[in-house]
Amino acid sequence: MGNKERAKERREKRHQEISFLRTIPYSDHQRWWSSDTIAVVTGANRGIGFEIAHQFALHGLTVILTSRETKVGEEAANVLQQGGLNVVFHQLDVVDPSSIELFADWVNQTFGGIDILVNNAGVNFNAGSDNSVEFAEKVIGTNYFGTKNMIKTMTPLMRPSASGARIVNVSSRLGRLNGRRNRIGNLSLRQQLEDDDSLSEELIDQTVTTFLEQVKDGSWTSSGWPQVFTDYSLSKLAVNTYTRLMSRVLSDRPEGQKIYINCYCPGWVKTAMTGWAGHTSPEEGADTAVWLALLPDQFVSGKFFAERREINY
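Residue numbers (this note's numbering): 1052 to 1364.
Structure below.
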């Protein structure tokens, strides 16, 4: 059996294990949430985001399903509402700071705050063996800056509780700092991003800004950036490192006001973004996000997960 076959076998076995785990209901003492618990899911009109919203609602939470386009977002929310689930829709474009502010004001006025934020909204314009950076600015702007701006704006609205509020960032293994095949070639930069003491928002921003500048002048191909889905990979690397940074920043909050933040890779999921070519269903892809957000004893923060297991950045 070759490496690919063994990997496929391991993946299928893990999927079977998770499918079984999902059938086990949370006990009453594990359920820290109720119908008053508010979960926001960005980019939730389809794919992984829609399924995350669906699973939250099945667990009895109140879900705010957001989408850049109003019509498709309303249709998605309506599908879940017809199933008797507590889901509301609000338009949100994470690339537009004014849209984020309007959304935050509405949330505050309507619900008084939130308990869970899942940053799922993202874009990728490459498929198969393509590696175009034609839309690099949009990819970085949506996947990294959109996620960062949502965290900054929504963190003050996260409600105090004994269980702590939760932020889950949808990311990708392609954004790993030390992946064997798809990592930053600049060792010095990689070490700075890896070192918690030197990691800063300015460093992350400068990394993606330098890449975008090199895209414009054409020098990006020889600058040691990831070789697969370069713009997407770098956007997710920025999300991962920002997750680590925010975990450190948020760790100083007092008991009763804790906010736990983690990121995860859903795998190669059969959605429109992958051209339906993935090997993981949306239900499986959404699972780890929901599991992380609902952990009964949430003491983990700043970590990276896949298939309900912690993995290396």
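The C-beta atom is built at its ideal place from N, Cα and C for all residues, glycine as well.
Proximity winner among the options, relative to residue i (alpha-carbon distances)
| i | options | result |
| --- | --- | --- |
| residue 1202 | 1160, 1331, 1295 and 1099 | 1295 |
| residue 1251 | 1283, 1059, 1347 and 1297 | 1297 |
| residue 1146 | 1065, 1170 and 1156 | 1170 |
| residue 1004 | 1195, 1221, 1167 and 1220 | The shown model of the chain, from 1052 to 1364, leaves out residue 1004, and the question about it has no answer. |
| residue 1089 | 1278, 1208 and 1266 | 1208 |
| residue 1110 | 1091, 1082 and 1127 | 1082 |
| residue 1274 | 1249, 1261 and 1080 | 1261 |
| residue 1148 | 1197, 1093, 1276 and 1063 | 1197 |
| residue 1249 | 1226, 1299 and 1360 | 1299 |
| residue 1094 | 1270, 1144, 1353 and 1053 | 1144 |
| residue 1290 | 1259, 1084 and 1271 | 1259 |
| residue 1113 | 1092, 1127 and 1071 | 1092 |
| residue 1226 | 1293, 1272 and 1247 | 1293 |
| residue 1076 | 1271, 1345 and 1279 | 1345 |
7 Å CB neighbourhood of residue i in its chain, flanking five on each side removed
| i | result |
| --- | --- |
| residue 1188 | 1263 |
| residue 1124 | 1096, 1116, 1117, 1118, 1140 and 1142 |
| residue 1065 | 1358 |
| residue 1356 | 1313, 1315, 1339, 1343 and 1362 |
| residue 1310 | 1206, 1209, 1215, 1216, 1218, 1301 and 1304 |
| residue 1132 | 1138 |
| residue 1341 | 1103, 1106 and 1107 |
| residue 1121 | 1142 |
| residue 1213 | 1307 |
| residue 1069 | 1335, 1338, 1358 and 1359 |
| residue 1354 | 1313 and 1361 |
| residue 1266 | 1184 and 1187 |
| residue 1099 | 1171, 1221, 1317, 1320, 1322, 1333, 1336 and 1337 |
| residue 1128 | 1116, 1138, 1139 and 1140 |
N- and C-terminal bounds of the beta strand (DSSP E) containing residue i
| i | result |
| --- | --- |
| residue 1364 | Neither: residue 1364 is in no beta strand (DSSP E) and is coded neither H nor E. |
| residue 1116 | 1113-1118 |
| residue 1090 | 1089-1092 |
Unbroken alpha helix (DSSP H) run spanning residue i, endpoints
| i | result |
| --- | --- |
| residue 1262 | 1252-1268 |
| residue 1141 | Premise fails: residue 1141 lies in the beta strand (DSSP E), 1138-1142, not in any alpha helix (DSSP H). |
| residue 1356 | It is not in any alpha helix (DSSP H) - residue 1356 instead sits in the beta strand (DSSP E) that spans 1355-1357. |
| residue 1388 | Residue 1388 falls outside the range modelled here, since the chain spans only 1052 to 1364, and no answer is possible. |
| residue 1333 | 1333-1344 |
| residue 1161 | 1148-1162 |
| residue 1365 | Here the chain has residues from 1052 to 1364 only, and residue 1365 is not among them. |
| residue 1188 | 1187-1191 |
Three-way DSSP call (helix, strand, coil) for residue i in this model
| i | result |
| --- | --- |
| residue 1220 | strand |
| residue 1327 | Per-residue confidence for residue 1327 stands at a pLDDT of 48, beneath the threshold of 50, marking its modelled position as unreliable; no derived number is given. |
| residue 1167 | strand |
| residue 1059 | helix |
| residue 1315 | strand |
| residue 1073 | helix |
| residue 1202 | helix |
| residue 1299 | helix |
| residue 1235 | coil |
| residue 1360 | strand |
Contacts around residue i, its chain only, beta-carbon distance under 6 Å, and the 5 residues preceding and following it disregarded
| i | result |
| --- | --- |
| residue 1204 | 1151 and 1155 |
| residue 1136 | 1108 |
| residue 1286 | 1190, 1191, 1194 and 1195 |
| residue 1186 | 1176 |
| residue 1282 | 1184, 1187 and 1190 |
| residue 1236 | 1275 |
| residue 1221 | 1171 |
| residue 1168 | 1091, 1205 and 1218 |
Cβ neighbours of residue i in the same chain (closer than 8 Å, five flanking residues each side left out)
| i | result |
| --- | --- |
| residue 1163 | 1210 |
| residue 1159 | 1208 |
| residue 1102 | 1333, 1334, 1336 and 1337 |
| residue 1241 | 1228, 1229, 1234 and 1235 |
| residue 1200 | 1145, 1148 and 1151 |
| residue 1165 | 1089, 1090, 1091, 1115, 1158, 1205, 1208, 1209, 1210 and 1216 |
| residue 1244 | 1228, 1235, 1250, 1254, 1255, 1258, 1288 and 1292 |
Cβ of residue i within 8 Å of any chain C Cβ
| i | result |
| --- | --- |
| residue 1203 | This model lacks chain C altogether; it includes just one protein chain. |
>> Assess contact between the stretch 1167-1183 and the stretch 1228-1242, defined as three or more Cβ pairs (one per stretch) separated by less than 8 Å. Is contact present?
In response: No, the stretch 1167-1183 does not touch the stretch 1228-1242.
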